[in-house]
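Novice: Let me give you the structure first, and then I'll get to my questions.
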Amino acid sequence: MTGRQAKHAGSAPRLAGPACARVEVTHDIGLHARPSVVFTRLAKSFPCTIGVEVNGDGVWLNGKSIVKIMGARIRKGFVLAIRADGIGAEDAVKALCALVERNFDEEKSHARSA
Amino acid sequence: MPGPLRLKGQGASPGFARGTAHVLPHAGTLSAASAPTARDRECLLLAVDNTIRALRALADGSDVQSRAILEFQIEMLKDPAILEPSLARIRKGESAAFAWASAMDDYVRGFEASDDELIRARSGDLLDIKNQVLRALSGEAPPDFPRGSIFLGRDMAPSMFLAHDWSGGGAVVLFGGSVASHVAMLARSRGIPMVVGVGEAAIESGRELFVHGGEGSVQDIDGVGDRSADGTGAAASSQAKDPPPQNCKTADGVAITLRANIDHPAELEGLLPQLFGGIGLLRTEYLFPTLGQLADEVRQEEIYRQALTWARGKPVTIRLFDFGADKPLPDSEVDLTSYLGLRGIRLLLARPDLLRTQARALMRAAPAGQLRVLIPMVTSPAEVEQTAAIFAAEAAGLAERQIEHAIPPLGIMVEVPAAALMPEAFQRAAFFSFGTNDLAQYIGASARDSAAVSGLHEASRVATLRFLHHTVPLALATQKPVGICGDLAADTLALPELLACGFREFSMPPARMPLVRETISGLNADGSKARG
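And the structure:
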């Protein structure tokens, strides 16, 4: 599966760290409760540190912290930079980008009209 | 003595409930003065731990959807980042409770300020987390309310919903709230009627209320019977003295039949049957909120019989369970949310156990009046034949058991373009009822529940009227009764076009009927405006 916006390491030279990629959030609702749980749980399964920057604002959030990820109120159309440093960094970035591209494995809108 | 209560909000979960009001008292505000102790840090950590344990226990006994909501709360509490601001405040000398409450309030405020309703809706979860930890700190028991009562409050915590025993029925009415909140999702999945956004209301606990989750209304039980065809008590009394003729005619004298769309026979209380040409659509999917009730043939029969008795011999059209898409099958974890997938009769033929029970209940009630059965979401004639075969088989079973019954005529909802285009192929169908809500979304290929394509709904509506001009004559040519029961039937702007298409039978919410009758009386049968 190829991501719409994913450009892997090299295309963003200003970002330090062994692995980094950008991905656009296409999920209709963005990172609400369930996607945030899925994202941070996957992040926590890797030993490396993981940072997330939202729309290039220069602030790196801890990608393993649901409090920080939810707090960023990430919505559809936002571009995330995902950076990992340490063991399994490549794999972590690849897996997290793929999760965002797959809409957090949630095709159906979680909130349906009455 | 306060006047009769009538609250209007947004329906967040369909269904009906009667019960005693239980108004949640306002939460007291926390005082910063609650003396900090040296052990505040340990107390807060312990309270968070205990809350996680309690949530884990609740999650283990819950269904998939409830568990997902609880897992989210657990993940939040397990994240050390949630404690950072509180611990910093404690280091500055604040008490555990005050530090936690203030830090969480800061966090929640960011969500509440969002212009995105779905993000705002999450603030309820965060407040729930905040209050659970506060209760764990003070050792208070989680709040609950009496079984079977109608809960009223500003908002309801998901954990409160999940911990409550709903087996006695009841409903949720919120002054604020959101249809997108987790508690609204839970209410829909459990079949608990819910209304949000009724505004701050001075209601005392103990009042007997009637909640209509589908239309988002709440009223006194005494007021329920106090309704007439236009929904107002005043008109009911004047009509009782001088009931207008039941029949409706165009200006050039063509008779038009107006029928009622209802979700529950309880809506018929206070409505005069002589004002209606019967019931054009009784939806059954909201009547039985649990799988157990769906399997209860006798209970179903009683409800169908109520509608037939009310109509005093006029036709009563009861639609088979129309689950799927935006109407989830109770207690089901199968994903049926596609508008193009397994819904309506497709789902019933895939789950014939539900259809068989409903067929028996309908046939047992049938001798009480003039019953017609409507099959939803029909695409091919084979679906009608299979449905008819199930009715015939169940009728044989009832006959064998010597239970009184009658086989009703089976008609079809015309809401799939494929069916609308070839009505002559449906030889087994006894009548046609156009469902324009679904028809329009299929013609416009724009899902009704997708806000992102709501801009296309007007284009779909215009094209649907054109489509009806072509297809209604085809249905009329079969010489079978043809009616319309979608929202369009009560749309006074669409009525000229609908008459021009050839419709003579219209079904609509009872409250819309006076306006529709008046509009039709000013039009000719070809839809043109009457002179004078």
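Chains as they are written, first to last, in full-length UniProt numbering: chain A, 1 to 114; chain B, 1 to 532.
Glycine included, every Cβ here is placed at the ideal spot set by N, Cα and C.
Computed from a predicted structure; not experimentally measured.
For B:G191 and chain A, any beta-carbon pair shorter than 8 Å?
Specialist: So no, B:G191 is outside the interface.
Novice: If you measure between the beta carbons of A:V52 and A:C97, is that distance less than 8 Å?
Specialist: No; because the gap between Cβ atoms is not below 8 Å, this pair is not in contact.
Novice: Can you tell me the Cα-Cα spacing of residue 538 of chain B and B:L126, whole angstroms?
Specialist: The question about residue 538 of chain B has no answer here: the residues shown for chain B are numbered 1 through 532.
Novice: From B:A430 to B:G15, what distance separates their C-alpha atoms?
Specialist: Cα to Cα, the separation comes out at about 30 Å.
Novice: Take B:R504 and list the residues in its own chain whose beta-carbon comes closer than 6 Å to its own, dropping the five residues that flank it on each side.
Specialist: Excluding sequence neighbours, B:R504 sits near I256.
Novice: What are the residues of the region 110-121 of chain B that lie near chain A, defined by any Cβ-Cβ distance shorter than 8 Å?
Specialist: Residues G110, F111, S114, D116, L118, I119, A121.
Novice: Could you tell me whether any Cβ in chain A is nearer than 8 Å to the Cβ of B:D79?
Specialist: Yes, B:D79 lies at the interface with chain A (some Cβ there is under 8 Å from its Cβ).
Novice: Go ahead and pull the three-state DSSP assignment for B:D63.
Specialist: Looking at B:D63 - three-state DSSP - the assignment turns out to be coil, as it is neither helix nor strand.
Novice: So for B:S228, helix, strand or coil by DSSP?
Specialist: Low confidence applies to B:S228: its pLDDT is 36, below 50, so where it sits in the model is not reliable, and the reading given next is rough at best. Looking at B:S228 - three-state DSSP - the assignment turns out to be coil, as it is neither helix nor strand.
Novice: Could you pull the start and end residues of the alpha helix (DSSP H) that B:P85 belongs to?
Specialist: 84-91 is the extent of the alpha helix (DSSP H) around B:P85.
Novice: Leaving out the 5 sequence neighbours to the left and right, which residues in its chain are closer than 6 Å to B:L268 when beta-carbon positions are compared?
Specialist: So the list reads W310, once near-sequence residues are dropped.
Novice: Output yes if chain A places a C-beta closer than 8 Å to the C-beta of B:D263; else output no.
Specialist: No, because no Cβ of chain A sits closer than 8 Å to the Cβ of B:D263.
Novice: Tell me, please, whether the CB atom of A:S113 is closer than 8 Å to any CB atom in chain B?
Specialist: Confidence is the limiting factor: at A:S113 the pLDDT is only 29, short of 50, which leaves the residue's position unreliable, though a coordinate-based value still follows. Yes - at least one Cβ of chain B is within 8 Å of the one on A:S113.
Novice: So with CB distances below 9 Å, who are the chain A contacts of B:A68?
Specialist: Residues of chain A passing the Cβ test: A33, R34, V37, H110.
Novice: Is the CB-CB distance between B:S433 and B:T317 below 8 Å?
Specialist: A contact, by the Cβ cut-off of 8 Å.
Novice: Would you mind stating whether B:N261 and B:P509 have Cβ atoms separated by less than 8 Å?
Specialist: The answer is yes: Cβ separation under 8 Å.
Novice: Quick check for students: name the residue ranges of the alpha helix (DSSP H) that lie wholly in the region 71-103 of chain A, counting only runs of 4 or more.
Specialist: Entirely contained in the region 71-103 of chain A, the alpha helix (DSSP H) runs reaching 4 residues are, in chain order, 89-101.
Novice: Run down chain A in chain order and give the residues with a C-beta less than 8 Å from the C-beta of B:Y107.
Specialist: Within 8 Å Cβ-Cβ: V67, G71.
Novice: Roughly how many whole angstroms lie between the Cα atoms of B:V472 and B:L439?
Specialist: Each residue's alpha carbon lies about 13 Å from the other.
Novice: Can you pull the chain B neighbours of A:R75, defined as C-beta to C-beta under 7 Å?
Specialist: Simply D116.
Novice: Could you check if B:L493 is buried or exposed, using at least 16 other CB atoms within 10 Å of its CB as the buried criterion?
Specialist: That one is exposed.
Novice: Does the Cβ-Cβ distance between B:G483 and B:S450 come in under 8 Å?
Specialist: For B:G483 and B:S450, no; Cβs fall outside 8 Å.
Novice: At the level of alpha carbons, what is the spacing between B:G369 and B:L498?
Specialist: Computed Cα separation, rounded: 29 Å.
Novice: Assuming contact is defined by CB atoms lying nearer than 8 Å, are B:I74 and B:A59 in contact in what I supplied?
Specialist: For B:I74 and B:A59, yes; Cβs fall inside 8 Å.
Novice: Whole angstroms is fine: what's the gap from B:D252's alpha carbon to B:A511's?
Specialist: About 25 Å.
Novice: For my contact list, B:A163 and B:P193 are in at a C-beta cut-off of 8 Å; report their separation, rounded to the angstrom.
Specialist: Actually they do not touch by this definition, with Cβ atoms about 19 Å apart.
Novice: Could you tell me the alpha carbon to alpha carbon distance between B:L348 and B:R67, rounded to whole angstroms?
Specialist: Taking the straight line joining both Cα atoms gives about 28 Å.
Novice: In this structure, does DSSP put B:I279 in helix, strand or coil?
Specialist: Of the three classes helix, strand and coil, the one that applies to B:I279 here is strand, per DSSP.
Novice: Can you have a look at B:A325 and say buried or exposed, based on whether 16 or more other CB atoms are within 10 angstroms of its CB?
Specialist: Buried: at least 16 other Cβ atoms inside 10 Å.
Novice: Return the chain-ordered list of same chain residues with a C-beta closer than 8 Å to the C-beta of B:P243, the five sequence neighbours on each side being excluded.
Specialist: For B:P243, the predicted structure reports a pLDDT of 47, less than 50, and the residue's modelled location is therefore unreliable. A value from the coordinates is still provided. Counting only Cβ-Cβ distances below 8 Å, and skipping sequence neighbours, we find L272, Q274, L275.
Novice: Among all the DSSP beta bridges, which residues are the ones paired with B:S528?
Specialist: B:S528 pairs with nothing; no bridge assigned.
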